[in-house]
Amino acid sequence: MGIQQSWIKIAQVFIFLSAILCHGVQSQAASTQSTYPMGEIGGRVAVVKGQPALEIKEVYPGQPGAAANLKPGMRIVGVAGQPFTTGYMMPLRQLGFAIDGARRQDGGLDLVILEGQKPQTITVYLSTAPGFSNTFPFKCARSEHIYDHVCQAMAEQFKSRGSLPGGEVTNALGVMALLGHKSGVGQKVVEPYIMNAAKAHASEPVQGGSVWKLSYKGVMLCEYYLINPDPVVAQAILNIAKGLAAGIPSHGRYGHGINLSNTDQVAYGGRGLNATTTAALWFFASASRCGLDPADVQPAFGMALDRVRKETGGGGGIGYAWAGDHQSSMRSGHAALAWHHLVVSPKMLGTITPNELSYRAKVATWPTRHSSALLEAHAVSSLGIAASTAGLAAFDRQQYVQLMSLWRWYFALAWQPNPSQPGQFEVSYVGGPGNTGGDYYLNGFRGLESGFSSIMNATVGFILASSHERLSFYGGMPPIPGLTTVLLAQSPPLAKSFMAMRQHKYSLAMRIALPLAKKLTEDGETYPAANNEIVYDPDQQADADEEKDENEVAEVALAMIDYVDARILETQFDYLDSLYEGDDVALAYHELRRFSTFVKGIRKYETDVNRMIQELSKDQYADRIKIGKKFYGLKKATGKGGTIKSNLRKWQKFVETCSDDYYRGQAQDIIDELRRVIEFNEQWGDKKNNGAAQPQPQPPGKLEGISKPVSDQF
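Here the sequence shown stands for residues 821 to 1534, numbered as in our numbering.
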């Protein structure tokens, strides 16, 4: 009885608010996306502007929603006895999480429906196939099924029409999604498209064109080249790089396109865009993995690098055409992917400094501090969520899994019945509202009906390719001589060592690799292979081939040990040593303790790291570490809750009570940045960003891992 009375009160308030808003419910109008899918329920809804409700616009015949007698015009105001929360896309998120949760129980989804003045609960029965795993998208049968499906859908389009509907950026995402599938079948399907793209640029450096298209096309070609080093593709990569280098404006910030006759004639009164500049940096860095000589793109590479660094805000966000964190998901993602390649293969930078590692961490983890804003990417929602999640996945798998747990709603809503093909499922477009959504740039400025499903297939496939770890930034082949997928398949111990390395379990990787490497002689020469001219016995020949394979494994194992030591452990240790010698005692103490778990058993680092930890554990550092922990706790809270002004007051109070010059100075920088944001919002009327912070959706409880394949439809 109490619950029913509560819902009556909620309904009364809802109706009162509706009456104020022009005497009725107003759907989100004049938006680039007016409706959203309802996932397995089957249908589409619109977000009711300014209210915690979803208005049903369409119900697909024969689907669970129709079976439960849902009808257009009904408003969904809550799920499972809980009203929706007001906030940016919150009703959609809560519906998506509820759909995923219902699948893991009895399949019953209780929707609170407001029809007229009386709320009622309608139960929609979904399938009870497993929801997303707690390690989603890794070891997740449901996301594997979705990934397989979108790859199949895109493969059919590449076969039938040679490309995906939509622009070249969409096609580049789709190609990489197919290349990233562990089956390898996608490579053959997209080879004609890739080779046509390569041949178009193989004769001479590009003379003009869209920086967006050239950058994404270039990254696509690099990913193909790293799997299949074709000379035509290599030449195309070089010519795109040279053309982009020649077309950079004098201030280091690209426009939408290249104009070699007047490179400074770009958008925003000649200021240019950080958006395209970060995309070009991602391509340059990818090309360095394919053998690009730094001299071929200097000084353009250095100019763009410096510009992006300068216009990165304190929170790791990169502005569209200025510095700051506003709508930065795509740009920070581009930068994180660029720095991933630059750190893994540092010839473009020359040396890897602590500053480079620190910068990479800052831009890569931007999504963890702005997890609700990934679709906010200034008219390219899909690039926002795709680039930002990829950048984080390349940096830290654990943080990536945590972020993806907050976005299960997105995939739960997108995976829906195909209204035109009964019994079939598809991914349906989900973008951000207003000018920040729509993805018209990716679709040739056409509407939802002409290619948005392709954008969604490409986006979802690109994101879920992370679980197969085949693309270079998702864990594909690092620059270790002799390491190939074939060799990993031949040697399970080598594959186990490689996977441990990719998961940052460095001591385990080295312990597995060391016995393999000991098959080499002391002087580094391999054991002599059998002389094929005098070996006639097939069994002897097989033994000789096996010995040769063992020697190849040994050489690669030794190269992997050197790689982990010189490129990863030594680099991180140098960074930590600089932290230890610096003023940020709290960060140094935290990072040293974290690093100590990575190098456990590796005496070269373990001894020094433990010595530093013991030194910082002394009483003389206790107060500074305590202040630093408070500083980082406040910094973390600032990114998750409260208004900008309330956060500003908290920081001002911290500065007033802080007795440490270093942390007081860092806090003052944050105060200055918050004031700039408030001033910007007041000037441009952005009330949303100056109001209450967007509440973060809490994912359901831990799920059981899925240990066997699921054959039914998700």
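Built from N, CA and C at the ideal position, the CB exists for glycine as well. Just so we're clear, the structure is a prediction, and the values are computed from it rather than from any experiment.
Item to check | Backbone CA spacing between Arg1495 and Ser1292 [nearest angstrom] | outcome: 40 Å
Checklist entry - Along the chain, where does the beta strand (DSSP E) that runs through Gln1236 open and close? => result Trp1235 to Pro1237
Next on the checklist: By the three-class DSSP mapping on this structure, what secondary structure does Thr1083 have?
Outcome noted: coil
Checklist entry - On the three-pair Cβ rule with 8 Å, is the stretch 1047 to 1060 touching the stretch 1089 to 1097? => result no
Checklist entry - Going by Cα to Cα distance, which pick from Ile1283, Lys959 and Gln1222 is closest to Phe1231? => result Ile1283
Next on the checklist: Counting beta carbon pairs with one atom in the stretch 888 to 903 and one in the stretch 927 to 944, are three or more of them shorter than 8 Å?
Outcome noted: Short answer: they touch.
Item to check | CA-to-CA distance, Arg924 to Gly1402, given in whole angstroms | outcome: 50 Å
Item to check | Status (buried if at least 16 other CB within 10 Å, exposed otherwise) for Pro1242 | outcome: exposed
Checklist entry - Which whole-angstrom value describes the C-beta separation of Ile1078 and Gly1004, a residue pair presumed to lie in contact below a C-beta threshold of 8 Å? => result Wrong, their Cβ atoms sit about 35 Å apart, outside the cutoff.
Next on the checklist: Whether or not the stretch 1380 to 1398 and the stretch 1328 to 1335 are in contact is what I'm after, with contact meaning three or more pairs of Cβ atoms, one per stretch, closer than 8 Å; do they touch?
Outcome noted: yes
Next on the checklist: Assess contact between the stretch 1466 to 1477 and the stretch 1429 to 1436, defined as three or more Cβ pairs (one per stretch) separated by less than 8 Å. Is contact present?
Outcome noted: no
Checklist entry - Given a threshold of 16 other Cβ atoms within 10 Å of its Cβ, counted over all protein chains shown, does Gln871 qualify as buried or as exposed? => result buried
Item to check | Sufficient close CB pairs (3 or more, under 8 Å) joining the stretch 1032 to 1042 to the stretch 989 to 1004 | outcome: yes
Checklist entry - Between the beta-carbon of Gly927 and the beta-carbon of Thr948, is there less than 9 Å? => result yes
Next on the checklist: With a threshold of 8 Å, are at least 3 pairs of Cβ atoms found where one atom belongs to the stretch 1206 to 1225 and the other to the stretch 1148 to 1165?
Outcome noted: yes
Checklist entry - Straight-line CA distance for Arg1151 to Thr1132? => result A direct Cα-to-Cα measurement between Arg1151 and Thr1132 gives close to 10 Å.
Next on the checklist: For a quick check, are the C-beta atoms of Ser1149 and Ala1193 less than 9 Å apart?
Outcome noted: yes
Checklist entry - Does DSSP put Ile1172 in a helix, a strand or coil? => result coil
Checklist entry - Are three or more beta carbon pairs between the stretch 858 to 867 and the stretch 878 to 887 nearer than 8 Å? => result yes
Item to check | Cβ-based neighbour list, Tyr1452, same chain, cut-off 6 Å, excluding 5 preceding and 5 following | outcome: none
Next on the checklist: Using CA atoms only, rank isn't needed, just tell me which of Phe958, Leu931 and Ala922 is closest to Leu946.
Outcome noted: Ala922
Item to check | For Leu1203 and Ala1197, believed in contact at Cβ under 8 Å, the rounded distance | outcome: 6 Å
Item to check | Which of helix, strand or coil DSSP assigns to Glu1246 | outcome: strand
Checklist entry - Is Ala1143 helix, strand or coil by DSSP? => result coil
Checklist entry - Quick one: what does DSSP say Thr941 is sitting in, helix, strand or coil? => result strand
Checklist entry - Can you name the start and end residues of the beta strand (DSSP E) that Lys807 belongs to? => result Given that the chain is displayed from residue 821 to residue 1534, the structure contains no residue 807 and the question cannot be resolved.
Next on the checklist: When you compare the CB positions of Leu1233 and Met858, do they come within less than 9 Å of one another, or not?
Outcome noted: yes
Next on the checklist: Taking 6 Å as the limit between beta carbons, can you name the residues of its chain near Val1117, skipping five residues before and five after?
Outcome noted: Ala1061, Ala1065 and Phe1104
Checklist entry - So, His956 versus Val1221, is the Cβ gap smaller than 9 Å? => result Note on residue identity: the sequence assigns Phe, not His, to residue 956. Cβ atoms of Phe956 and Val1221: closer than 9 Å.
Item to check | Within 9 Å, strictly: CB atoms of Val1475 and Ala1457 | outcome: no
Checklist entry - Is Gly765 near Ala1285, with beta carbons less than 9 Å apart? => result Beyond the ends of the chain as shown, which are 821 and 1534, falls residue 765; an answer cannot be given.
Next on the checklist: So the candidates are Tyr1044, Ile966 and Val1497; which of them puts its Cα closest to the Cα of Ser1248?
Outcome noted: Ile966
Checklist entry - How would you call Arg1444, buried or exposed, if buried means at least 16 neighbouring beta carbons within 10 angstroms? => result buried
Checklist entry - Just to confirm, are Leu1162 and Val1128 a CB contact at a threshold of 9 Å? => result no
Checklist entry - If we cut at 9 Å on Cβ distances, does Leu1233 have a partner in chain B? => result No chain B is part of this structure, which consists of one protein chain only.
Item to check | Local conformation of Leu1468 per DSSP, three classes | outcome: helix
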